[in-house]
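*Asks:* The structure under discussion is supplied below as structure tokens; questions concerning it will follow.
2 protein chains.
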Amino acid sequence: MLGARRNPKRRATRLRDPERTRERLLQAASREIYRSGFQSASLDKILASSGVTKGALYYHFDSKEALGYAVIEEVIAPDVHGKWVRPFQNVKDPIDALIGAVQRVPVRPADVRGGCQLNNLAQEMSPLDAGFRKRLAIIFDAWRKAVASVLREGQIHGSVRRDVEPADAAGVLIAMVEGYGSLAKNAQDPKVMKAGIRNIVDWLRSLRPPGNRKRV
Amino acid sequence: MLGARRNPKRRATRLRDPERTRERLLQAASREIYRSGFQSASLDKILASSGVTKGALYYHFDSKEALGYAVIEEVIAPDVHGKWVRPFQNVKDPIDALIGAVQRVPVRPADVRGGCQLNNLAQEMSPLDAGFRKRLAIIFDAWRKAVASVLREGQIHGSVRRDVEPADAAGVLIAMVEGYGSLAKNAQDPKVMKAGIRNIVDWLRSLRPPGNRKRV
DNA sequence: CGCCATACATACTGGTTGGTATGTTGGGAG
DNA sequence: CTCCCAACATACCAACCAGTATGTATGGCG
Numbered sequence: 001m002l003g004a005r006r007n008p009k010r011r012a013t014r015l016r017d018p019e020r021t022r023e024r025l026l027q028a029a030s031r032e033i034y035r036s037g038f039q040s041a042s043l044d045k046i047l048a049s050s051g052v053t054k055g056a057l058y059y060h061f062d063s064k065e066a067l068g069y070a071v072i073e074e075v076i077a078p079d080v081h082g083k084w085v086r087p088f089q090n091v092k093d094p095i096d097a098l099i100g101a102v103q104r105v106p107v108r109p110a111d112v113r114g115g116c117q118l119n120n121l122a123q124e125m126s127p128l129d130a131g132f133r134k135r136l137a138i139i140f141d142a143w144r145k146a147v148a149s150v151l152r153e154g155q156i157h158g159s160v161r162r163d164v165e166p167a168d169a170a171g172v173l174i175a176m177v178e179g180y181g182s183l184a185k186n187a188q189d190p191k192v193m194k195a196g197i198r199n200i201v202d203w204l205r206s207l208r209p210p211g212n213r214k215r216v
Numbered sequence: 217m218l219g220a221r222r223n224p225k226r227r228a229t230r231l232r233d234p235e236r237t238r239e240r241l242l243q244a245a246s247r248e249i250y251r252s253g254f255q256s257a258s259l260d261k262i263l264a265s266s267g268v269t270k271g272a273l274y275y276h277f278d279s280k281e282a283l284g285y286a287v288i289e290e291v292i293a294p295d296v297h298g299k300w301v302r303p304f305q306n307v308k309d310p311i312d313a314l315i316g317a318v319q320r321v322p323v324r325p326a327d328v329r330g331g332c333q334l335n336n337l338a339q340e341m342s343p344l345d346a347g348f349r350k351r352l353a354i355i356f357d358a359w360r361k362a363v364a365s366v367l368r369e370g371q372i373h374g375s376v377r378r379d380v381e382p383a384d385a386a387g388v389l390i391a392m393v394e395g396y397g398s399l400a401k402n403a404q405d406p407k408v409m410k411a412g413i414r415n416i417v418d419w420l421r422s423l424r425p426p427g428n429r430k431r432v
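In order, the protein sequences belong to chains A and B.
Per the numbering used here, the first sequence starts with residue 1, numbered consecutively.
Per the numbering used here, the second sequence starts with residue 217, numbered consecutively.
Here's what the structure looks like:
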């Protein structure tokens, strides 16, 4: 709550901008955590990379843990929301929307090599820290619910097979996205991710009703 | 190569058994790495947990890295081989064999919470250390090849659909196993893994030729 | 019996870690 | 103009880290 400062008539301040300092810290922490994991991301490196001093960090955050929590809530959660929840609000063809989202998964070498921010942190911290686990689980839940919900809508409008269980299918989709992400990350090869995306898209197409298969 | 000692006529020695010391180190290292990841697994904890001293450790291994490599080659690789390669040699029904392997994925709370040793290490270390990456990639490759090979055999004998691309299907299987493992690990809930196994099994059944569907 | 390499055990080091204690500064309220 | 507190900056700390230097016991061989 320290950083949430009331600011009625704020003008462009250069120096001494606490919100900007906080944001720089979050971004630098996110980068370092992405690179080496939370436990191995040293505060000194985060500070060097952000150009912020230790005093400023501990003014804005109580601990390294608190900084990690903030990265989840203020960096990772909005990112996942923008990619896997917002795109499914008010769509005409759910399967097309899902295929679009899958095909928008980044396949640049740097992205493939680094893996998925959400999955990275979940794998590392879920068994070690309940605070991390709960915050990450909220994101996974929102993802799964958004996919299941758009599939259900598709079933109502006839563009998704009725024998598909939306919750199960959403689980399969997420498991495949994260699973292929893992394989591609280990192989350090964008081709693996591209092949995975093709397979996921094929599977998504199989969710359409038999008579309703669109042109491939 | 230090630990590979010629031992023509070895009798049961109690103390001073270098092979046993080495094995205790590998097991303790494997446990600690499983718990907190390689980077955060401290040598002091490994030593305390194994009852071995630092001198003994550095007699058997050149560095922490070398110890990690040995864990991959001598603990993880044989484990994966026993679960995902050996069971597919000389099988009658490939799909049954694959279903069996999937259903044998451990779902006890401790296993689900800890995740998959192979995937854990791959996620953490592949982008950071080529030595880890290569050794882990060898294991993933063997896994994929074993699955693809058994599927190809099934196609020859008519128990697997001809339109299935074995290499692709093997990738899908592994991605789903690892993906669901990740989701279950984050949820810290065996139910998630059990549901995943059911979905994977359903998908495996769909690989049978249409007329050849066994009794469910 | 004596020797000596193997297989350890113990004590220590320089560097890094997250965290703290204390000093400083800028800008808005009065 | 002045005071005060938010927003930092700097210096420091104990704990821990991987790794090393050096000492020592054992058991097989001659």
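All residues carry an ideal CB built from backbone N, CA and C; glycine is no exception.
Fair warning: this is a prediction, and the values are worked out from it, not measured in the lab.
Which word fits B/I354, buried or exposed, when buried means at least 16 other C-beta atoms lie within 10 angstroms of its C-beta?
*Replies:* Position 138 of the second sequence, counted from the first residue, corresponds to residue 354 of chain B. Flag for B/I354 reads exposed.
*Asks:* For B/G412 and B/L399, which I take to be in contact (beta-carbon distance under 8 Å), what is that distance rounded to the nearest angstrom?
*Replies:* Counting from 1 along the second sequence, the entry for residue 412 of chain B is found at position 196. Counting from 1 along the second sequence, the entry for residue 399 of chain B is found at position 183. That pair is a contact at about 7 Å.
*Asks:* So for A/A29, helix, strand or coil by DSSP?
*Replies:* Within the first sequence, numbered from 1, the residue matching residue 29 of chain A stands at position 29. It is helical.
*Asks:* Assess contact between the segment 410–425 of chain B and the segment 314–325 of chain B, defined as three or more Cβ pairs (one per stretch) separated by less than 8 Å. Is contact present?
*Replies:* Yes: the two stretches touch, three or more of their Cβ pairs being nearer than 8 Å.
*Asks:* Short of 7 Å Cβ to Cβ, which residues in the segment 108–123 of chain A face chain B?
*Replies:* Flagged, chain order: R113, G114, G115, N119, N120, A122 and Q123.
*Asks:* Roughly how many angstroms lie between the CA atoms of A/E124 and B/D278, to the nearest whole one?
*Replies:* Working through the first sequence from its first residue, we reach residue 124 of chain A at position 124. Working through the second sequence from its first residue, we reach residue 278 of chain B at position 62. Going from the Cα of A/E124 to the Cα of B/D278 covers about 27 Å.
*Asks:* Residues of chain B with CB under 9 Å from A/D168, in chain order?
*Replies:* By one-based count along the first sequence, residue 168 of chain A stands at place 168. Correct list: A411, R414, N415 and D418.
*Asks:* List, from N- to C-terminal side, the alpha helix (DSSP H) runs of 4 residues or more that fit wholly inside the segment 290–321 of chain B.
*Replies:* 293–300 and 310–319, all fully within the segment 290–321 of chain B.
*Asks:* Any C-beta of chain A within less than 9 Å: which residues of the segment 388–403 of chain B qualify?
*Replies:* Listed in sequence order: V388, I390, A391, M392, V393, E394, G395, Y396, G397, S398, L399, K401, N402 and A403.
*Asks:* Short of 7 Å in beta carbon distance, which residues of its chain neighbour B/V287, apart from the five on each side in sequence? Order them along the chain.
*Replies:* Translated into positions along the second sequence, residue 287 of chain B becomes position 71. Hits under 7 Å: L242, A245, S246 and I249.
*Asks:* For B/L423, decide whether its Cβ has a neighbour in chain A, counting only Cβ atoms nearer than 8 Å.
*Replies:* On the second sequence, position 207 is the one that residue 423 of chain B refers to. So, not an interface residue.
*Asks:* Count Cβ pairs between the segment 85–99 of chain A and the segment 109–121 of chain A that sit closer than 8 Å; are there 3 or more?
*Replies:* Flag = no, the segment 85–99 of chain A and the segment 109–121 of chain A do not touch.
*Asks:* Is the segment 121–135 of chain A touching the segment 344–361 of chain B, taking contact as three or more C-beta pairs under 8 Å?
*Replies:* With a cut-off of 8 Å, the segment 344–361 of chain B and the segment 121–135 of chain A do not count as touching, because too few Cβ pairs lie within range.
*Asks:* Check whether chain B comes within 8 Å of A/Q39, counting only Cβ atoms and requiring the distance to be less than that.
*Replies:* As a working mapping, residue 39 of chain A is identified with position 39 in the first sequence. Yes, contact with chain B.
*Asks:* Take every Cβ of the segment 42–50 of chain A, pair it with every Cβ of the segment 257–266 of chain B, and state whether three or more of those distances are shorter than 8 Å.
*Replies:* No contact exists between the segment 42–50 of chain A and the segment 257–266 of chain B.
*Asks:* Show which residues of chain A have a CB atom less than 9 Å away from the CB atom of B/R349.
*Replies:* On the second sequence, position 133 is the one that residue 349 of chain B refers to. Near B/R349 (Cβ distances below 9 Å), the residues of chain A are N186, A187 and Q188.
*Asks:* Which class does B/L420 belong to by DSSP, given the choice of helix, strand or coil?
*Replies:* By 1-based counting over the second sequence, the position of residue 420 of chain B is 204. Helix, per DSSP.
*Asks:* Can A/N120 and B/L352 be called in contact, C-beta distance under 8 Å?
*Replies:* As a working mapping, residue 120 of chain A is identified with position 120 in the first sequence. As a working mapping, residue 352 of chain B is identified with position 136 in the second sequence. Taking 8 Å as the Cβ cut-off, A/N120 and B/L352 do not qualify as a contacting pair.
*Asks:* Alpha carbon to alpha carbon, what distance is there between A/L67 and A/L43?
*Replies:* Along the first sequence, one-based indexing puts residue 43 of chain A at 43. Along the first sequence, one-based indexing puts residue 67 of chain A at 67. If I take the Cα positions, the gap works out to 10 Å.
*Asks:* In chain order, what residues of the same chain have a beta carbon less than 6 Å from the beta carbon of B/Q333, not counting five sequence neighbours either side?
*Replies:* For the purposes of this step, residue 333 of chain B is taken as residue 117 along the second sequence, with counting starting at 1. So the list reads Y250 and I292, once near-sequence residues are dropped.
*Asks:* Let me check understanding here. Comparing Cα to Cα, which of B/G370, B/D233, B/V366 and B/R240 lies closest to B/E290?
*Replies:* Sequence index remark: in the second sequence, residue 290 of chain B carries index 74 (1-based). The candidate whose alpha carbon is nearest that of B/E290 is B/R240.
*Asks:* Starting from the C-beta of B/Q404, find all residues in its chain whose C-beta is less than 6 Å away, skip the five residues before and the five after it, and write them out in chain order.
*Replies:* The residue labelled residue 404 of chain B in the question sits at position 188 within the second sequence. For B/Q404, where only same-chain residues beyond five positions count, the Cβ hits under 6 Å are R329.
*Asks:* If you draw a straight line from the C-alpha of B/D233 to the C-alpha of B/Y274, how long is it?
*Replies:* Mapped onto the second sequence, residue 233 of chain B falls at position 17. Mapped onto the second sequence, residue 274 of chain B falls at position 58. B/D233 and B/Y274: Cα-Cα distance of roughly 16 Å.
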